[in-house]
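Trainee: Just dropping this structure here.
Chains as they are written, first to last, in this note's numbering: chain A, 1 to 417; chain B, 418 to 834.
Have a look at this one:
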């Protein structure tokens, strides 16, 4: 037992020749360091608007045209000279002569002179001379004559040129996420393609000689590779493109070679091998190849988490435990990735009462998974090894490091998955 | 003017030889008919778990194995015979002889007899003979001897075989959406593939001779095809696969031929041509090829909406107006499509106070787009032709047919896009 180690866990590890987790970093500090280590990416690409949904615009798009391109009818009815209709009333119609019939795509040939009108459909170009549209409901037609029973003001029932989108106005801004309506706005101004930020490529590795890919047989002592698939799923949900590099043998040289290859990507995530066991090699390799920014954070689940920088790229070392790893994907990996991808922070939060008291340890942030049942948050937390406890949850609540319980009935903020 | 038409709009249309919208159907009745017209699809396919995120499971998946496959250490420490540790205390350790060291993947060779122990890492198989794990923190190691300072109960710090997932237990149910955690649960039981429901294929057509695809030049009187792209986007967001069939000329025979081809898909959506103008041919073709279920619904925006059934497939006729069409995509198309795709109803709803009074007409449901600003719903509604009013909105509120206003400060339910 050495005098310089004050933490009981550290003393214990020292006794065994195991390396201690350095003093645990607070969760908020770790999150701050992790998100500051990465930067919004510069890489852009061109996407057809049919493939641009949910992508992030990498350009300010201004409209090259007025939408509509010209004044047009906003109603089915008659294009008129509004002055003609001033005397019109329910019992004393004004009678106009019909000179032309337009459909939505028709280009008017005739000018509407006083005393005349043109049949228009919603969307028809407004003929020259006309300055308003009388709704069909306010008229009566007999042969070539049209009786107007209601006056219209200049511009009434007319969509003005550029009224929806003015030429040169900004339709989509850099960093905006392309929703269906934004895709529609791009179509409205005739854009078939748009510059978007590339999806960050995230290299995913797993360590642990006991880990076997799904689809193969395992024997006692082996486990299936869960983490590569949950990490890849969360990467996809947050605008990234997973690059699965598979299992790396538990040897320094192998991990060194794997990292060297992995850092060709925008971010590297490795699961397993961040615990304090003697075979913990991720931290050693991070130290030897670059900087180790933290190792061990005051959070449950997810304590044995490491972050390093190798060749200018962030390398996130996730716990091997599947639930700890997935929880960290949501609370650390997703914010890092969204920053790289130019995506806004995840904001799916609902505030509901807690269905049952939750107890938490002082000194660390705890994330508890919950289901939303009849408008209340029901703790779904089982134990950190049970991936099924996450599979049945709708989201999680965060209990701060200085709280030791949240009472039943208290309102909690649930971040939805 | 004929005596049998009582609605003023109908009278007006009759006067012009235009066909009236039949009596408007209530929005709720239209939605009921639309969702009942479609059925959850039978078509299934096999997806690799790497591609299964957000797909809908088409099978009940039971685990072929216990997870973990065998009892294993839940902590780094020593596998012991728990009975040996009963007398252990902070000042009077029990001393055991270390016989073997296991890593997570190691298979134990030695049986742990009383008075002995094996070094285990989290995840190590529990050696025969041992029934508990003493945490490394509660021990001190000297040469081949280990001092235990704390007693353990049988099973303590051990993950039991099948504790996470028992063999034959249900891991994923039919109709469950595969979240990252569900994908992880499939990986945990060794599944590399899963049966999922196929994505419904949605044929998208647009009518209107004035409509031009984005990327080409337009002249006055023409407009870009917005609707095909907004419909396709909403289809993607709701688990479907858009099949863009482009513009159909405004002729009965052309639309007839296009529908004949389109009904090879699971659902058909056509925009434009559902208004009451003389060139409204969608309704004629629906009548001639199959049944017309409704034409015109009491909703704003989105009134000129039609639904038919052709060759057993639902054909939804959307207004040509881009905002009306997109609004209908959210409130009618999405529920139909989610039913076909076995997806649960869209449930992203937040309840917030309204920032400004909203006035609505009695007798029809109105959907008003809103932005969420500082926790309040700010009406974004501009006018029904402005796609930009949707592009800047976060969601919409529904004002029932019997309400004529919602006061500032009243809490409203916002369905988020």
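Glycine included, each C-beta is placed from N, C-alpha and C at the ideal position. All values reported here derive from a predicted model rather than from experimental measurement.
By the three-class DSSP mapping on this structure, what secondary structure does residue 441 of chain B have?
Mentor: Of the three classes helix, strand and coil, the one that applies to residue 441 of chain B here is coil, per DSSP.
Trainee: When DSSP builds the beta bridges, which residues end up paired with residue 216 of chain A?
Mentor: Answer is none; residue 216 of chain A lacks a bridge partner.
Trainee: Who are the neighbours of residue 403 of chain A on chain B, taking C-beta pairs under 7 Å?
Mentor: Ordered by position in chain B, no residue passes the 7 Å Cβ test against residue 403 of chain A, which lies about 24 Å from the chain.
Trainee: Could you check whether the Cβ of residue 830 of chain B sits closer than 8 Å to any Cβ belonging to chain A?
Mentor: Chain A, which has no Cβ nearer than 8 Å to the Cβ of residue 830 of chain B, makes this no.
Trainee: Relative to the C-alpha of residue 558 of chain B, which residue among B:447, B:515, B:590 and B:567 is closest?
Mentor: The candidate whose alpha carbon is nearest that of residue 558 of chain B is B:515.
Trainee: Following the continuous beta strand (DSSP E) through residue 140 of chain A, name the residue where it begins and the one where it ends.
Mentor: Residue 140 of chain A -> beta strand (DSSP E) spans 139-142.
Trainee: Would you kindly work out how many angstroms separate the C-alpha atoms of residue 289 of chain A and residue 281 of chain A, rounded to a whole number?
Mentor: Whole-angstrom Cα-Cα distance: 12 Å.
Trainee: What are the boundary residues of the beta strand (DSSP E) that includes residue 688 of chain B?
Mentor: Here the beta strand (DSSP E) through residue 688 of chain B covers 684-688.
Trainee: Note down, in chain order, all residues in the stretch 147-180 of chain A with a beta-carbon under 7 Å from any beta-carbon belonging to chain B.
Mentor: The residues in question are 159, 164, 165, 179 and 180.
Trainee: What is the DSSP secondary structure of residue 835 of chain B, reduced to helix, strand or coil?
Mentor: Absent from the structure is residue 835 of chain B, since the part of chain B shown begins at 418 and ends at 834.
Trainee: Going along the chain, which residues of the stretch 634-665 of chain B sit with their C-beta nearer than 9 Å to a C-beta in chain A?
Mentor: Result list: 634, 635, 636, 637, 638, 639, 640, 641, 642, 643, 644, 645, 646, 647, 648, 649, 650, 651, 653, 654, 659 and 661.
Trainee: Across which residues does DSSP place residue 207 of chain A in a beta bridge pair?
Mentor: BP columns for residue 207 of chain A point to A:248.
Trainee: Taking the beta strand (DSSP E) that residue 45 of chain A falls in, what are its first and last residues?
Mentor: Per DSSP, residue 45 of chain A belongs to the beta strand (DSSP E) from 44-48.
Trainee: Counting only Cβ pairs nearer than 8 Å, list the residues of chain B close to residue 417 of chain A.
Mentor: Result: 596, 597 and 598.
Trainee: Of all the CB atoms in chain B, is at least one closer than 8 Å to the CB of residue 210 of chain A?
Mentor: Yes, contact with chain B.
Trainee: So the beta strand (DSSP E) residue 730 of chain B belongs to, where does it begin and stop?
Mentor: Residue 730 of chain B -> beta strand (DSSP E) spans 730-735.
Trainee: Determine the closest residue to residue 234 of chain A out of A:220, A:334 and A:380, with distance taken between C-alpha atoms.
Mentor: Closest by alpha carbon: A:334.
Trainee: Using the three-state DSSP reduction, which class does residue 54 of chain A fall into: helix, strand or coil?
Mentor: Coil.
Trainee: Taking the alpha-carbon positions, what's the residue 42 of chain A to residue 175 of chain A distance?
Mentor: Answer to the nearest angstrom: the Cα atoms are 12 Å apart.
Trainee: For residue 204 of chain A, I'd like the list of residues in its chain whose CB is within less than 7 Å of its CB, leaving aside the five on either flank, ordered along the chain.
Mentor: Contacts found: 228, 231, 232, 242, 243, 244, 245 and 269.
Trainee: Here's a check: name, in chain order, each residue in its chain whose Cβ is nearer than 6 Å to the Cβ of residue 156 of chain A, leaving out the five neighbours to either side.
Mentor: 132.
Trainee: Residue 747 of chain B by DSSP, collapsed to three states: which one?
Mentor: Correct three-state label for residue 747 of chain B: helix.
Trainee: Of all the CB atoms in chain A, is at least one closer than 8 Å to the CB of residue 435 of chain B?
Mentor: Low confidence applies here, because residue 435 of chain B scores a pLDDT of 45, under 50, leaving its location unreliable; read the following figure in that light. Judged by the 8 Å Cβ criterion, residue 435 of chain B is in contact with chain A.
Trainee: Do the CB positions of residue 80 of chain A and residue 119 of chain A come within less than 8 Å of each other?
Mentor: No, they are not a contact pair.
Trainee: Out of B:681, B:523 and B:774, state which residue places its alpha-carbon closest to the alpha-carbon of residue 816 of chain B.
Mentor: The residue with the shortest Cα to Cα distance from residue 816 of chain B is B:774.
Trainee: Assuming residue 161 of chain A and residue 74 of chain A make a contact with CB atoms under 8 Å, what is their CB distance in whole Å?
Mentor: With a Cβ gap of about 13 Å, residue 161 of chain A and residue 74 of chain A do not count as contacting.
Trainee: Between the C-alpha atoms of residue 312 of chain A and residue 265 of chain A, what's the straight-line distance to the nearest angstrom?
Mentor: Rounded to whole angstroms, residue 312 of chain A to residue 265 of chain A spans 11 Å at the Cα level.
Trainee: Can you give me the C-alpha to C-alpha distance between residue 679 of chain B and residue 666 of chain B, rounded to a whole angstrom?
Mentor: Residue 679 of chain B and residue 666 of chain B: Cα-Cα distance of roughly 15 Å.
Trainee: According to DSSP, simplified to helix, strand and coil, what is residue 295 of chain A?
Mentor: Three-state DSSP puts residue 295 of chain A in a strand.
Trainee: Within 10 angstroms of the Cβ of residue 29 of chain A, are there 16 or more other Cβ atoms? Answer buried if so, exposed if not.
Mentor: Classification for residue 29 of chain A: exposed.
Trainee: Thinking just about the alpha-carbon of each residue, which of B:532, B:472, B:610 and B:538 is nearest to the one in residue 320 of chain A?
Mentor: That would be B:538, whose Cα lies nearest to the Cα of residue 320 of chain A.
Trainee: Span of the beta strand (DSSP E) holding residue 515 of chain B?
Mentor: 511-518 is the extent of the beta strand (DSSP E) around residue 515 of chain B.
Trainee: Can you give me the C-alpha to C-alpha distance between residue 421 of chain A and residue 260 of chain A, rounded to a whole angstrom?
Mentor: Since the first residue shown for chain A is 1 and the last is 417, residue 421 of chain A is missing from the structure and cannot be characterised.
Trainee: Answer yes or no: do residue 183 of chain A and residue 58 of chain A have a C-beta to C-beta separation smaller than 8 Å?
Mentor: Going by C-beta atoms, residue 183 of chain A is not nearer than 8 Å to residue 58 of chain A.
Trainee: For the stretch 525-548 of chain B, which residues have a beta carbon sitting closer than 9 Å to at least one beta carbon of chain A?
Mentor: Against chain A - using a Cβ distance shorter than 9 Å - the residues of the stretch 525-548 of chain B are 525, 536, 538, 539, 540, 541 and 542.
Trainee: Smallest Cα separation from residue 809 of chain B: which of A:36, A:130 and A:177?
Mentor: Taking only the C-alpha atoms, the option nearest residue 809 of chain B is A:177.
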